[in-house]
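Numbering (our numbering), first residue to last: 344 to 470.
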């Protein structure tokens, strides 16, 4: 096993390097989570899978309003928020060509999270 430290917005790996890429709560504290999601897509091989779980906005308008008020208070205490916020990255992955094959919302109504799996189209060329 090898560990590597890098910037999610500029991953130190070649295109199509991995069969599966998984990101759990690593996109939500970033300045540009869409850019990082596109990097995950870039390093996934054709035919490979990308799994993402991140905070998302509540579906209902009144719950979203309540969550916004609560988050304004919570963000004053970084230990509670853990630096995570709701993000929207699926459009960036789908614009890049990713095919959504699984999506499910989890969590409590005020702070749901979204788990998604996408497939990068194409087939790997044998080495």
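Ideal placement from N, C-alpha and C gives every residue a C-beta, glycine not left out.
Residue span of the alpha helix (DSSP H) that contains residue i, given as start and end
i: residue 410; result: 404 to 417
i: residue 436; result: 433 to 438
Boundaries of the beta strand (DSSP E) in which residue i is found, first to last residue
i: residue 384; result: Run containing residue 384: none in the beta strand (DSSP E); it sits in the alpha helix (DSSP H), 376 to 385.
Cβ-Cβ distance between residue i and residue j below 8 Å
i: residue 453; j: residue 386; result: no
i: residue 397; j: residue 354; result: no
i: residue 364; j: residue 383; result: yes
Counterpart residues of residue i in DSSP-defined beta bridges
i: residue 359; result: According to DSSP, residue 359 bridges with nothing at all.
i: residue 394; result: 365 and 460
i: residue 445; result: 460
i: residue 455; result: 450
i: residue 353; result: 350
Burial state of residue i, where buried means 16 or more other Cβ atoms lie within 10 Å
i: residue 376; result: buried
i: residue 448; result: exposed
i: residue 441; result: buried
i: residue 391; result: buried
i: residue 347; result: exposed
i: residue 401; result: buried
i: residue 399; result: buried
Cβ-heavy atom distance, residue i to the ligand GDP, below 7 Å
i: residue 392; result: Absence of the ligand GDP from the depicted structure is noted, as is the absence of any ligand whatsoever, leaving it without description.
Residue-chain proximity (residue i, chain D), Cβ-Cβ < 8 Å
i: residue 375; result: Included in the structure is just one protein chain, with no chain D present.
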